[in-house]
Ligand code: UDP
Ligand code: MG
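Residue numbers (my numbering): 335 to 655.
Here you go:
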């Protein structure tokens with residue numbers, strides 16, 4: 335029988351949390367009204383994570399896993415999980431127990447009310463650095479202002495999505511995958527369940543500032559054309575200033591033909607100003623051209639070195655009920 339519920343968990347160097355994660359998640363799975371599979375995606379961990387995952391798979395037939403051949407990043411790991419999930423409902427959560435698995439029945443409850451996407455919305459972040467909280471706060475609000483689609487604030491990847499949406503996400507060819515954005519973009523009936531985000535259970539944060547910034551830029555550029563327009567606006571403004579300056583210089587020449595023009599400063603300022611505008615515009619164009627390049631290359635999103643567990647449950651029946 336095919337599972338009704340698929341839980342997708344990306345794992346990157348989480349050896350310290352895996353045992354506790356499994357305990358809490360399997361306790362929740364036992365309480366669900368139907369068969370669930372647990373899909374662990376090893377995102378090129380360098381510690382014993384894969385070893386622990388294999389052990390879980392040997393002990394528990396509900397545990398399947400994928401192992402990416404190197405570290406491809408959180409969003410790609412989740413994408414791989416979505417590709418392999420067989421449930422009618424898919425729940426995505428983090429391995430570090432910051433997303434409490436005990437919330438899953440509540441998410442399912444909303445799905446039963448007819449929502450295709452149920453995302454968990456943080457009301458509070460406990461024990462995360464003020465810097466992380468502050469930058470996250472700013473980013474979600476900026477994204478909300480700038481994005482073409484309505485991406486709800488303070489929501490991470492922790493969510494439940496219906497098979498219909500999973501199929502849509504899987505069919506999307508786009509390579510810069512900002513899953514929260516794509517999830518909002520598809521539409522359908524969506525709702526939020528509020529929760530307090532716990533501190534990480536163990537280990538270090540796997541998202542360095544550099545990676546978070548990358549994800550943030552990805553989110554902004556994938557879902558907003560405002561950055562492109564900024565350069566247009568700045569360019570227009572610079573052109574306006576340049577015209578005003580030209581008129582002033584012309585006027586000076588005509589009105590005070592005797593005075594030597596001390597235009598050097600003006601010229602230097604103008605060169606710097608226009609240079610800055612051009613560099614900025616080129617930078618923003620580069621952002622989008624980089625994306626076009628990425629999409630055009632059309633490489634596979636990930637390479638797998640190991641896949642296990644997906645046959646065991648799939649031998650019979652389909653999930654047509
Ligand atoms: N993760 C991953 N690949 C990466 C970085 C992170 O699969 O390159 C996983 C990680 O194991 C965890 C989740 O993504 O399950 C979120 O990572 P983390 O808790 O470090 O980030 P944050 O809580 O700051 O979003
Ligand atoms: Mg975390």
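Where is the CB? At the ideal position from N, CA and C, for every residue including glycine.
None of these values were measured; they are calculated from a predicted model.
Taking C-beta atoms under 8 Å as the contact rule, residue 576 and residue 610 fail to qualify, at a distance of about 13 Å. Taking C-beta atoms under 8 Å as the contact rule, residue 358 and residue 431 qualify, at a distance of about 7 Å. Put simply, of 469, 479, 453 and 468 the residue whose alpha carbon is nearest the alpha carbon of residue 437 is 453. The beta carbons of residue 496 and residue 445 sit about 7 Å from each other, so the pair counts as a contact at 8 Å.
Distances from the CA of residue 537 to each of 416, 429 and 556 were compared; the closest alpha carbon is that of 429.
Looking only at 379, 401, 345 and 420, the smallest Cα-Cα distance to residue 338 is reached by 420. Among the bridge pairs identified by DSSP, residue 529 is matched with 456. If you look at residue 583, you'll find it in the alpha helix (DSSP H) that goes 560-589. At least one heavy atom of the ligand UDP sits closer than 6 Å to the Cβ of residue 405. In this structure, residue 432 has its beta carbon less than 6 Å from a heavy atom of the ligand MG. Going by C-alpha positions, residue 534 is about 31 Å away from residue 523. With a 10 Å radius around the Cβ and a threshold of 16 neighbouring Cβ atoms, residue 449 comes out buried. The alpha-carbon of residue 360 is positioned some 43 Å away from that of residue 559.
For residue 448, there is no enclosing alpha helix (DSSP H), since its DSSP letter is neither H nor E. Annotation for residue 489: the continuous beta strand (DSSP E) segment containing it runs 489-496. Residue environment for residue 500: buried (at least 16 other C-beta atoms within 10 angstroms of its C-beta).
When the alpha-carbon of residue 486 is set against those of 504, 520 and 526, the nearest one is in 526.
With the rule of 3 Cβ pairs closer than 8 Å, the region 362-378 counts as touching the region 398-406. By the beta-carbon neighbour count (other beta carbons within 10 angstroms, threshold 16), residue 563 is exposed. The beta carbon of residue 381 sits closer than 7 Å to those of 347 and 349, all from its chain and outside the five residues before and after it, given in chain order. Residue 514 places its beta carbon 7 Å or farther from that of residue 628. Sixteen is the threshold: when 16 or more other Cβ atoms of the shown chains lie within 10 Å of the Cβ of residue 370, as they do, the residue is buried. DSSP places residue 400 in the uninterrupted beta strand (DSSP E) bounded by 397-402.
Between the C-alpha atoms of residue 409 and residue 415 there is a straight-line separation of about 10 Å. Residue 555 has its alpha-carbon roughly 8 Å from the corresponding atom of residue 622. Taking 7 Å as the cut-off, the Cβ atoms of residue 615 and residue 565 count as close. Residue 642 sits close to residue 399, with the two beta carbons spaced by under 7 Å.
Residue side-chain check: residue 428 places its Cβ nearer than 6 Å to a non-hydrogen atom of the ligand MG. In this chain, residue 349 is not harboured by any alpha helix (DSSP H), its DSSP state being neither H nor E.
Assignment of residue 642 by DSSP, reduced to helix, strand and coil, places it in the strand class. Apart from the 5 residues on each side of it in sequence, residue 342 sits with its Cβ closer than 8 Å to the Cβ of 373, 375, 412, 415, 416, 419, 424, 425, 426 and 427 in its chain, given in chain order. Short of 6 Å from the beta carbon of residue 511, and not among the five residues preceding or following it, lie these beta carbons of its own chain, in chain order: 409 and 413.
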